[in-house]
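All letters in the sequence shown, in the order written, are residues 29 to 113 by our numbering.
Quick reminder that beta carbons are idealized off the backbone N, C-alpha and C, glycines included.
Note that this is a predicted model, so its numbers are computed, not measured.
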Amino acid sequence: MTVPNFIAAAVVIAKTDLVATIPSTLMELLGERFGLRVIVGPLPKIVTQIKLVWHERTDNDPAMQAFREVVARAVLKSLGKAEQR
């Protein structure tokens with residue numbers, strides 16, 4: 029089965045006997061509400077990096093600088109990290 033995103037996967041596994049690999053942050057948000065439980069498998073933990081990239085022509089654009097700041101703060105907040113500048 030294929031679903032368009034992790035939230036859809038959480039809904040599917042909540043209503044069936046299927047299993048899925050979903051981000052731990054999503055489990056923290058929805059696991060209890062959907063009655064999901066974590067089963068630690070034999071596979072290594074997947075670690076990803078989040079990078080914010082942009083074209084050099086927008087490097088000094090004040091609106092784009094402000095937008096990048098908003099995105100960076102939101103990501104850091106969602107990861108539970110203080111602003112790192």
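Between the CA atoms of Ile-50 and Ala-79 - distance to the nearest angstrom: Before going further, note that residue 79 is Lys rather than Ala in the sequence given. Cα to Cα, Lys-79 sits roughly 20 Å from Ile-50.
C-beta atoms of Ala-36 and Leu-64 nearer than 8 Å: no
Endpoints, the alpha helix (DSSP H) within which Thr-53 is located: 52 to 62
Endpoints, alpha helix (DSSP H) assigned at Lys-105: 90 to 106
Between the CA atoms of Asn-88 and Glu-97 - distance to the nearest angstrom: 13 Å
Buried versus exposed call for Arg-113 [16 or more other C-beta atoms within 10 Å across all chains shown]: The predicted model places Arg-113 with a pLDDT of 49, which falls under 50 and marks its position as unreliable; any figure quoted below should be read in that light. With fewer than 16 other Cβ atoms within 10 Å, it is exposed.
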